[in-house]
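Chains as they are written, first to last, in the working numbering: chain A, 0 to 283; chain B, 8 to 138.
What follows is the structure, encoded as structure tokens:
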């Protein structure tokens with residue numbers, strides 16, 4: 000038994016050195032984490048989808064009463080789509096959260112348990128009490144390095160397996176925003192023109208006409224602001240798609256540790272956060 | 008007949024929307040003189056076209072959701088699997104707890120302390136049960 004213990008002691012400096020190199024070779028994926036976190040936060044924003052669902056009802060203020068039944072039916076159809084649209088947001092958000100967790104350095108720490116293991120080994124006379132702390136330190140390095148390697152392998156598989164589906168979903172969401180949500184606003188502009196144009200053409204009072212034209216401008220400004228929010232959100236989805244593609248490409252050529260790649264991921268993360276903040280401040 | 012794609016449906020919706028915008032411009036053009044009835048007819052057509060545009064757009068969103076349904080389901084599955092991976096990392100903690108109990112038991116056996124063997128066997132049993 001003593002032979003084994005003294006053998007462990009003799010190998011300790013070498014083991015610590017090897018483990019140090021092993022741990023140092025693990026990747027710092029904080030830029031990937033930041034990208035995943037900012038993307039998940041952006042996907043939480045569902046106000047544009049809510050506006051799309053409520054849009055038919057909001058059009059009643061511009062359209063004649065004989066169109067209300069049509070708008071009610073349309074509102075019912077969009078209500079049926081709401082859950083599916085929100086699920087698209089939430090699956091991409093979930094995906095990004097998991098990506099962030101897998102890219103984390105501290106998914107789970109085992110320090111407390113390993114300290115207990117060191118104490119138990121010392122108490123069982125496998126090692127001397129004074130070596131207990133060194134033993135626990137080595138064990139922490141081994142476990143962390145092994146689980147990090149394993150986790151990063153899982154991360155790589157997760158990203159490369161999911162990329163095509165994620166790109167399809169992001170492209171699909173972009174189409175819905177570009178043609179669906181922006182299409183609504185394009186039609187709303189026509190409706191506002193019809194509504195106020197009709198009122199102005201019937202009015203003989205110059206002050207009344209001026210007031211109507213002012214209201215029309217206000218409505219058009221509100222449409223322009225909502226259009227801008229959609230364009231900004233499209234920009235976010237575009238950046239998420241590009242960054243994820245870049246992550247996939249970097250993984251396939253084993254380049255995730257390069258400063259150039261991590262710098263690009265960090266820039267994507269910052270762009271996403273800045274654009275998202277701009278959308279939020281537009282709504283305040 | 009070839010099935011309508013989401014892209015085609017969005018294009019159709021856009022075409023109807025543009026048509027209603029053109030009618031709206033025509034209706035309020037200062038150069039065009041229309042009778043009251045003609046104005047009413049064009050106005051009615053414009054609203055109908057505008058709402059047809061919204062109808063087709065809503066249908067196009069349905070098609071777009073359908074076209075990406077498979078990717079949605081696959082991503083749902085992959086994400087659930089990755090969550091299991093993170094749970095496995097948590098399980099490692101349990102393995103270490105069991106190993107600690109086993110080390111204590113081994114120490115007790117080597118030192119041939121019957122009381123300690125009983126205690127550490129019980130501790131190992133509890134660690135396994137709790138894991």
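Even for Gly, the Cβ is constructed at its ideal location relative to N, Cα and C.
Neighbourhood of residue i by C-beta distance below 7 angstroms, restricted to the same chain and skipping five residues each side
{"i": "residue 263 of chain A", "result": "245"}
{"i": "residue 78 of chain A", "result": "52"}
{"i": "residue 123 of chain B", "result": "115"}
{"i": "residue 109 of chain B", "result": "131"}
{"i": "residue 231 of chain A", "result": "274, 277 and 278"}
{"i": "residue 42 of chain A", "result": "88, 91, 92 and 95"}
Chain-order list of residues whose beta-carbon lies under 6 angstroms from that of residue i (same chain, five-residue window excluded)
{"i": "residue 75 of chain B", "result": "none"}
{"i": "residue 254 of chain A", "result": "260"}
{"i": "residue 238 of chain A", "result": "267, 270 and 271"}
{"i": "residue 37 of chain A", "result": "268, 271 and 272"}
{"i": "residue 202 of chain A", "result": "208"}
{"i": "residue 33 of chain A", "result": "268"}
8 angstroms contact criterion, which residue i and residue j should meet: CB distance rounded
{"i": "residue 23 of chain B", "j": "residue 49 of chain B", "result": "Going by Cβ atoms, the distance from residue 23 of chain B to residue 49 of chain B rounds to 15 angstroms, so no, they are not a contact pair."}
{"i": "residue 30 of chain A", "j": "residue 251 of chain A", "result": "About 18 angstroms; that fails the 8 angstroms criterion."}
{"i": "residue 168 of chain A", "j": "residue 229 of chain A", "result": "The Cβ separation is near 18 angstroms, so there is no contact."}
{"i": "residue 29 of chain B", "j": "residue 67 of chain B", "result": "About 21 angstroms separates the two Cβ atoms, so there is no contact after all."}
{"i": "residue 226 of chain A", "j": "residue 184 of chain A", "result": "5 angstroms"}
{"i": "residue 35 of chain A", "j": "residue 98 of chain A", "result": "4 angstroms"}
{"i": "residue 58 of chain B", "j": "residue 69 of chain A", "result": "5 angstroms"}
{"i": "residue 61 of chain B", "j": "residue 73 of chain A", "result": "6 angstroms"}
{"i": "residue 56 of chain B", "j": "residue 27 of chain B", "result": "4 angstroms"}
{"i": "residue 177 of chain A", "j": "residue 233 of chain A", "result": "6 angstroms"}
Any C-beta of chain B under 8 angstroms from that of residue i
{"i": "residue 48 of chain A", "result": "no"}
{"i": "residue 115 of chain A", "result": "yes"}
{"i": "residue 186 of chain A", "result": "yes"}
{"i": "residue 304 of chain A", "result": "Look at the range of chain A in this structure, 0 to 283, and you will see that residue 304 of chain A is not part of it."}
{"i": "residue 161 of chain A", "result": "yes"}
{"i": "residue 238 of chain A", "result": "no"}
{"i": "residue 40 of chain A", "result": "no"}
{"i": "residue 87 of chain A", "result": "yes"}
{"i": "residue 77 of chain A", "result": "yes"}
{"i": "residue 227 of chain A", "result": "no"}
{"i": "residue 182 of chain A", "result": "yes"}
{"i": "residue 45 of chain A", "result": "no"}
{"i": "residue 150 of chain A", "result": "yes"}
{"i": "residue 30 of chain A", "result": "no"}
{"i": "residue 120 of chain A", "result": "yes"}
{"i": "residue 250 of chain A", "result": "no"}
{"i": "residue 80 of chain A", "result": "yes"}
Cβ neighbour criterion (16 or more within 10 Å) applied to residue i
{"i": "residue 18 of chain B", "result": "exposed"}
{"i": "residue 60 of chain A", "result": "exposed"}
{"i": "residue 106 of chain B", "result": "buried"}
{"i": "residue 256 of chain A", "result": "exposed"}
{"i": "residue 132 of chain B", "result": "exposed"}
{"i": "residue 27 of chain A", "result": "exposed"}
{"i": "residue 91 of chain B", "result": "exposed"}
{"i": "residue 51 of chain B", "result": "exposed"}
{"i": "residue 100 of chain A", "result": "buried"}
{"i": "residue 54 of chain B", "result": "buried"}
{"i": "residue 196 of chain A", "result": "buried"}
{"i": "residue 282 of chain A", "result": "exposed"}
{"i": "residue 175 of chain A", "result": "buried"}
{"i": "residue 214 of chain A", "result": "exposed"}
{"i": "residue 152 of chain A", "result": "exposed"}
{"i": "residue 66 of chain A", "result": "buried"}
Same chain only: Cβ atoms within 8 angstroms of residue i, ignoring 5 sequence neighbours per side
{"i": "residue 170 of chain A", "result": "240"}
{"i": "residue 219 of chain A", "result": "188 and 191"}
{"i": "residue 39 of chain B", "result": "33"}
{"i": "residue 20 of chain A", "result": "Note that residue 20 of chain A has pLDDT 43, beneath the 50 cutoff, so the model's placement of it is unreliable and the number below is only indicative. Within the same chain, residue 20 of chain A has no close Cβ partners at all."}
{"i": "residue 25 of chain B", "result": "none"}
{"i": "residue 222 of chain A", "result": "184, 187, 188 and 191"}
{"i": "residue 158 of chain A", "result": "98, 243, 246, 247 and 250"}
Chain A within 8 angstroms of residue i, Cβ atoms only
{"i": "residue 114 of chain B", "result": "yes"}
{"i": "residue 19 of chain B", "result": "no"}
{"i": "residue 129 of chain B", "result": "no"}
{"i": "residue 71 of chain B", "result": "yes"}
{"i": "residue 61 of chain B", "result": "yes"}
{"i": "residue 83 of chain B", "result": "yes"}
{"i": "residue 41 of chain B", "result": "no"}
{"i": "residue 47 of chain B", "result": "no"}
{"i": "residue 13 of chain B", "result": "yes"}
{"i": "residue 26 of chain B", "result": "no"}
{"i": "residue 44 of chain B", "result": "no"}
{"i": "residue 89 of chain B", "result": "yes"}
{"i": "residue 36 of chain B", "result": "no"}
{"i": "residue 93 of chain B", "result": "yes"}
{"i": "residue 103 of chain B", "result": "yes"}
Residue i: contacting residues in chain E (beta-carbon distance under 8 angstroms)
{"i": "residue 67 of chain B", "result": "Of the protein chains in the structure, A and B, none is chain E."}
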